[in-house]
Structure formats: structure tokens, C-alpha cells
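Below is one structure, written out as C-alpha cells; the observations come after it.
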Amino acid sequence: MQDDIDEILIPEEALRARVRELGQKISQDYEGKEPLLVGILTGSVLFVSDLMRHLTIPCQLDFLATSSYAEGTQSTGVVRILD
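So, in C-alpha cells, the structure goes:
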């Protein structure tokens, strides 16, 4: 996969640091509450997993499956939530 990348725009450590900051901020803002995290499948799975590791509060997790393709390989431009 590294061969497919022409240029790294944001270094890995910068992304990790920002996810850590987001986890701390969410934990502060929602202290005493139990937020529901909703990720969009499948691209958000790793991000949401990393974010949850940095939360110090309980939370719930769910995912939505979406599609902008009806039949074929060209997007319709309309995003649908799948069952």
C-alpha cells in the first residue's frame, strides 16, 4: 500500500495526537453523561476505535451503513442509509 501513496499530507503522529485531544475534549464536555458515537461504515471503524481508547467516560457505539450507488458503479449523488 505504501507504493500507492505519492505524498503524506498529515504525519501519522499528528493524527494520533489529534485523536487523543479529541478524546480528552469529548470526555470533558460529556463528563457525567454517556454519549452515543455513530460511525459510518466502513471507513470510520479504525478512527472510532482509536477515539474510544482515549475516552475516559462510558459511551455507546453504533454504526450506519450508507450507499450512494443504486445499481452499477456510478454514484447517484444521493446518500441512502441502508438497513
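Under the numbering used here, the first residue of the sequence shown is numbered 1, with each subsequent residue one higher.
For each residue, glycine too, the CB sits at the ideal point set by N, CA and C.
| query | Are the beta-carbon atoms belonging to G39 and L64 less than 9 Å from one another? | reply | L64 sits close to G39, with the two beta carbons spaced by under 9 Å.
| Expressed to the nearest angstrom, what Euclidean distance is found between the alpha-carbon atoms of D62 and V78? | 22 Å
| Assigned exposure category for I8 - 16 Cβ within 10 Å defines buried | Its Cβ having fewer than 16 others within 10 Å, I8 is exposed.
| Residues bridged to Q60 [DSSP beta-bridge criterion] | L36
| query | Who are the Cβ neighbours of T56 in its own chain at under 7 Å, not counting the five residues just before and after it? | reply | S27
| How should V45 be labelled, buried or exposed, when 16 other C-beta atoms within 10 angstroms of its C-beta is the threshold for buried? | exposed
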